[in-house]
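Novice:
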């Protein structure tokens, strides 16, 4: 089993960051993944609960291709947005290749406790491979290493989206300074 953890701080308030999040998987820099909403409800506590299916187009390691072929992979995600506590929690689990490995992700976007103009982001991932020996170690490492490579791109995409939202919300008139 391998664990991975990542933290980042956005220089924007929680409302702007979480509003921007919903555009992430349709951004051109995230063309390897698409997210489709399966259901969206507001629960009795006033939280937005969304279930999405992620369709992921990525290369899997050659030793996995030898076993299962070149496939599109799927993941299920449940998100809970709580406007009262200013938290957005996402739990994601692989639906494909789960005979080879189990991948569980927990992501949280929270309003910074001391500075309302910032948002804290934390991602935890656990990978449990179901192969043996060296193959299992390589498989678990591939999942973690791929996630590490994609982190920077994910932050960059969010920054692009937030900047676009900011341009819509902030006056551009130079005389306004």
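In full-length UniProt numbering, the protein residues as written are 1 to 177.
Yeah, the Cβ is synthetic: ideal placement off N, Cα and C, and Gly gets one too.
(1) I need the DSSP call for residue 135, collapsed to helix, strand or coil.
(2) Residues bridged to residue 155 by DSSP?
(3) Contact between the region 99 to 106 and the region 127 to 141: three or more CB pairs below 8 angstroms?
(4) Residue 39 lies in the beta strand (DSSP E); which residues open and close that run?
(5) Excluding the 5 residues flanking residue 8 on each side, which residues of the same chain have their C-beta closer than 7 angstroms to its C-beta?
(6) Below 8 angstroms between beta carbons: does that hold for residue 24 and residue 39?
(7) Can you tell me whether residue 94 is buried or exposed, with buried defined as 16 or more other CB within 10 angstroms of its CB?
(8) Buried or exposed for residue 77, please, with buried defined as at least 16 other CB atoms from any protein chain shown within 10 angstroms of its CB.
(9) Please report how far the alpha carbon of residue 117 lies from the alpha carbon of residue 110, in whole angstroms.
(10) Suppose only complete runs of 4+ residues qualify. What are the alpha helix (DSSP H) ranges in the region 40 to 71, listed by chain order?
(11) Could you give the distance in angstroms between the alpha-carbon of residue 199 and the alpha-carbon of residue 66?
(12) Pick helix, strand or coil for residue 123, following the three-state DSSP scheme.
Specialist: This is what the structure holds:
(1) helix
(2) According to DSSP, residue 155 bridges with nothing at all.
(3) yes
(4) 33 to 42
(5) 121 and 155
(6) no
(7) buried
(8) buried
(9) 11 angstroms
(10) 62 to 68
(11) Residue 199 lies beyond the stretch modelled for the chain, which goes from 1 to 177, so this question has no answer here.
(12) strand
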